[in-house]
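Engineer: Going line by line, the protein sequences match chains F and P. Those letters in the first sequence? Residues 0 to 232, by numbering that gives the first Met the number 0. Those letters in the second sequence? Residues 0 to 289, by numbering that gives the first Met the number 0.
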Amino acid sequence: MSTLTVANLYAGYGDVDIVTDLSLRVEPLEIVTIAGTNGSGKSTLVKGLMGLLKRIRGRVDFEGTSLLGVPGERRIHMGIAYVPQVNNVFASLTVLENLQVVEGVSDRRRRMAEMLDRFPALQERRSTKAGALSGGERQQLAFARALMASPRLMILDEPTAALSPALVHEVLRLITALRGMGVAVLLVEQRARQALAISDRGYILDSGRVVIEDRADRLLADERMADLYLGEH
Amino acid sequence: MGSAYLINLAFNGVILGLIVALAALSITLVFGIARFPNAATGDVATVGAFAGLAVTATGGGTAAILGFGVLTAAGLSLLFYLILFRGLADKPPVASLIASIGLAFFVRAVLTFFVGHNQQVYPLPIVRAVPFGPLRVQPTDLQVIAVAVLALAAVFALLHLTAIGRRMRAVADNPDLARASGIAATRVLVVMWLCAGALAGVSGTLLGIKTVVSPEMGWDLLMPAFAATILGTIGNPVGAVLGGLLIGLAQELSTPIVGFTYKIGVGFLVLLLMLLVRPQGLFAGNALVR
Ligand SMILES: Nc1ncnc2c1ncn2[C@@H]1O[C@H](COP(=O)(O)OP(=O)(O)OP(=O)(O)O)[C@@H](O)[C@H]1O
Ligand SMILES: [Mg+2]
Numbered sequence: 000m001s002t003l004t005v006a007n008l009y010a011g012y013g014d015v016d017i018v019t020d021l022s023l024r025v026e027p028l029e030i031v032t033i034a035g036t037n038g039s040g041k042s043t044l045v046k047g048l049m050g051l052l053k054r055i056r057g058r059v060d061f062e063g064t065s066l067l068g069v070p071g072e073r074r075i076h077m078g079i080a081y082v083p084q085v086n087n088v089f090a091s092l093t094v095l096e097n098l099q100v101v102e103g104v105s106d107r108r109r110r111m112a113e114m115l116d117r118f119p120a121l122q123e124r125r126s127t128k129a130g131a132l133s134g135g136e137r138q139q140l141a142f143a144r145a146l147m148a149s150p151r152l153m154i155l156d157e158p159t160a161a162l163s164p165a166l167v168h169e170v171l172r173l174i175t176a177l178r179g180m181g182v183a184v185l186l187v188e189q190r191a192r193q194a195l196a197i198s199d200r201g202y203i204l205d206s207g208r209v210v211i212e213d214r215a216d217r218l219l220a221d222e223r224m225a226d227l228y229l230g231e232h
Numbered sequence: 000m001g002s003a004y005l006i007n008l009a010f011n012g013v014i015l016g017l018i019v020a021l022a023a024l025s026i027t028l029v030f031g032i033a034r035f036p037n038a039a040t041g042d043v044a045t046v047g048a049f050a051g052l053a054v055t056a057t058g059g060g061t062a063a064i065l066g067f068g069v070l071t072a073a074g075l076s077l078l079f080y081l082i083l084f085r086g087l088a089d090k091p092p093v094a095s096l097i098a099s100i101g102l103a104f105f106v107r108a109v110l111t112f113f114v115g116h117n118q119q120v121y122p123l124p125i126v127r128a129v130p131f132g133p134l135r136v137q138p139t140d141l142q143v144i145a146v147a148v149l150a151l152a153a154v155f156a157l158l159h160l161t162a163i164g165r166r167m168r169a170v171a172d173n174p175d176l177a178r179a180s181g182i183a184a185t186r187v188l189v190v191m192w193l194c195a196g197a198l199a200g201v202s203g204t205l206l207g208i209k210t211v212v213s214p215e216m217g218w219d220l221l222m223p224a225f226a227a228t229i230l231g232t233i234g235n236p237v238g239a240v241l242g243g244l245l246i247g248l249a250q251e252l253s254t255p256i257v258g259f260t261y262k263i264g265v266g267f268l269v270l271l272l273m274l275l276v277r278p279q280g281l282f283a284g285n286a287l288v289r
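1) Assuming Gly31/P contacts Gly234/P (C-beta within less than 8 Å), just tell me the rounded distance between them.
2) How should Ala220/F be labelled, buried or exposed, when 16 other C-beta atoms within 10 angstroms of its C-beta is the threshold for buried?
3) What is the DSSP secondary structure of Val25/F, counted as helix, strand or coil?
4) Could you work out which residue in Val170/F, Lys41/F, Gly47/F and Gln84/F is closest to Ala10/F when comparing CA atoms only?
5) Using only the heavy atoms of ligand 2, determine whether one of them is closer than 7 Å to the beta carbon of Gln84/F.
6) Locate the beta strand (DSSP E) running through Thr159/F, then write down its first and last residues.
7) What did DSSP end up calling Val288/P once you bin it into helix, strand or coil?
8) By the 10 Å Cβ neighbour count, where 16 or more other Cβ atoms means buried, how is Ser206/F classified, buried or exposed?
9) Does DSSP put Gly68/F in a helix, in a strand, or in coil?
10) Leaving out five residues on either side along the sequence, give the residues of the same chain with a beta carbon under 7 Å from the beta carbon of Thr19/F.
11) For Thr19/F, which three-state DSSP category applies?
12) Would Arg85/P pass as an interface residue toward chain F - the criterion being a Cβ-Cβ separation below 8 Å?
13) Would DSSP call Asp42/P helix, strand or coil?
14) Report the neighbours of Asn173/P on chain F: residues whose CB is nearer than 7 Å to its CB, in chain order.
15) Please name the residues in the stretch 105 to 125 of chain F whose beta-carbon is closer than 7 Å to at least one beta-carbon of chain P, in chain order.
16) From the DSSP output, read off the bridge partner residues of Val31/F.
17) Strictly under 8 Å for the Cβ-Cβ distance: is Leu176/P near chain F by that measure?
18) Mind checking if Val101/F is an interface residue toward chain P, Cβ cutoff 8 Å exclusive?
19) Within 7 Å: the Cβ of Asn97/F and any heavy atom of ligand 1?
20) In this structure, what does DSSP give as the bridge partners for Lys128/F?
21) Note down the Cα distance separating Ala227/P from Leu268/P, rounded to an integer number of angstroms.
22) Taking the alpha helix (DSSP H) that Asp175/P falls in, what are its first and last residues?
23) Which word fits Thr139/P, buried or exposed, when buried means at least 16 other C-beta atoms lie within 10 angstroms of its C-beta?
24) Along the chain, where does the alpha helix (DSSP H) containing Tyr228/F start, and where does it finish?
25) With distance defined between alpha-carbon atoms, name the residue in His159/P, Gly196/P and Gly101/P nearest to Leu65/P.
26) Would you list the residues sitting across from Asp213/F in a DSSP beta bridge?
27) Would you say Ala249/P and Val237/P are within 8 Å of each other, going by their C-beta atoms?
28) Which residues of the stretch 54 to 78 of chain F have a Cβ closer than 8 Å to any Cβ of chain P? Give them in chain order.
29) Looking at the C-beta of Glu96/F, does it have a partner C-beta in chain P at a distance below 8 Å?
30) Tell me the residue span of the beta strand (DSSP E) that contains Asp60/F.
31) Which residues bound the alpha helix (DSSP H) around Leu107/P?
32) Report the three-state DSSP secondary structure of Arg135/P (helix, strand or coil).
33) For ligand 1, enumerate in chain order all residues having a CB closer than 5 Å to any of its heavy atoms.
34) Check each candidate in Gly242/P, Glu251/P, Thr260/P and Ile256/P and name the one with the smallest Cα separation from Leu270/P.
35) Please state whether DSSP places Val13/P in a helix, a strand or coil.
36) Relative to the alpha-carbon of Gly74/P, which residue among Lys209/P, Ala199/P, Ile229/P and Ala156/P has its alpha-carbon at the smallest distance?
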């Protein structure tokens, strides 16, 4: 059974659809990239999947269960975690509170210890407000927070945007490691060359539609869309 | 005008400031989480004060006034959420603001219909003021201070030491991320409205104990409370409390200059100046609930 199946999805704001007739899927333990230019509807798609939009119709199934009509706050209990494009941590809460506040965690004590173990930088900053963290620490916290409830699907909206090259590398390494934790990944990136390099498959979005979908290696090799959608080398 | 006079004014300013701070904290909680300035805060406080008055008819003392006043205000606040503000949550904030203004007028009209315009006082035993150096302290003043400080401390403890408080701060900080983290907004909102109503109730009953009970008392409290909220950066609980104290002190200490009648205008003046000079408030960037 697919982890995520999206079929004929329409989503938007007010009375406007941004995403139109979109279909995609994510198989267990797959890393799937969604690429697309500025404003092509990537974040709108992701917010729709997370139950944060009112205007949405079509089919969204997670492990065979329909998600449409399920309130956004149920997602984490079902096994879906989300790291938004901006404000991906609670800036006014401490590092520890960011982890404590996540619902649907079975053995909280042990899980917190595991997260602080996996992200040692957070251990030293546990009582620091997340808003005062460095870019790298903040990204680690965003991952740790998302991992708290042991999800089976993680949706990441441009996790490498506005990071230094060294940090981009670090984040991509983290994403690759998710597979080992039993997590499939839906990864949104605007300049997707590096994202596709660690992905199994990819979708290219333009004006709210999927214009190309293929294996990641083939997308990377395709000269035509390289310049248009994937950004410079 | 001796320093003893000023010291007594300042002491009164602190008491008034604490009462304003309670209302301001209520406003800032609602703003931080439900995201609109609730103009009905003052009239919920009034209802709390009158509930306290009602309980004195059955022989209740200060504790009964406070207890019943706070419970009634908290209940009323929750009721308003359930029947009005919950339905408006998806609309732009101005819809809730306008609704709260309408609600404020409605509550006052209903109260006036039943109790009239008269000012009333709680039938509490009159106790002689005790001199502390130049300061003349009413024992009830000390009670008012103690209750206000306890109520403020209780809310901060709730916000920072409990799981529901942590959730409230998370929703205030980032509603979408809170949702994705599994926090059901409804539960948080119910607790928040109870809390905001209880704060208004404490504010109203203490104002009643300190001064008089009248249908207009809450509306008169609203301007200084809004001023305190803005002064302390709207949405910032610590700021609301400090803003309340500043407004209370400014209002009382200005009495010798502007006279008794116009000191109410000081809150308005501070609000205007603040909005013109530093609209983000004194404590922007240091927000607890954003
Ligand atoms: N809250 C909103 N209300 C109305 N329209 C919106 C809203 N958010 C985004 N849009 C519009 O939806 C379109 C797609 O925006 P979206 O954020 O989904 O793009 P994106 O692919 O994520 O872009 P980026 O790479 O810049 O993050 C844009 O035209 C944008 O103006
Ligand atoms: Mg985006």
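Every residue, glycine too, gets a C-beta built ideally from N, C-alpha and C. Computed from a predicted structure; not experimentally measured.
Structural biologist: According to the structure shown:
1) 4 Å
2) exposed
3) strand
4) Gly47/F
5) yes
6) Here Thr159/F belongs to no beta strand (DSSP E), and DSSP marks it neither H nor E.
7) Confidence at Val288/P is low in this model, with a pLDDT of 45, below 50, so its placement is unreliable and the value that follows should be read with caution. Three-state result, Val288/P: coil.
8) exposed
9) coil
10) Tyr9, Gly207 and Arg208
11) strand
12) no
13) helix
14) Asn86 and Phe89
15) none
16) Leu185/F and Arg200/F
17) yes
18) yes
19) no
20) Thr93/F
21) 12 Å
22) Pro174 to Ala179
23) buried
24) Counting along the chain, Tyr228/F falls outside any alpha helix (DSSP H), and DSSP gives it neither H nor E.
25) Gly196/P
26) Gly201/F
27) no
28) Pro70, Gly71, Glu72, Arg73, Arg74, Ile75 and His76
29) yes
30) Arg54 to Phe61
31) Reading off the sequence, residue 107/P comes out as Arg, not Leu. Run containing Arg107/P: Pro92 to Val114, per the alpha helix (DSSP H) assignment.
32) strand
33) Tyr12/F, Ile17/F, Asn37/F, Gly38/F, Ser39/F, Gly40/F, Lys41/F, Ser42/F, Thr43/F and Gln189/F
34) Gly242/P
35) helix
36) Ala199/P
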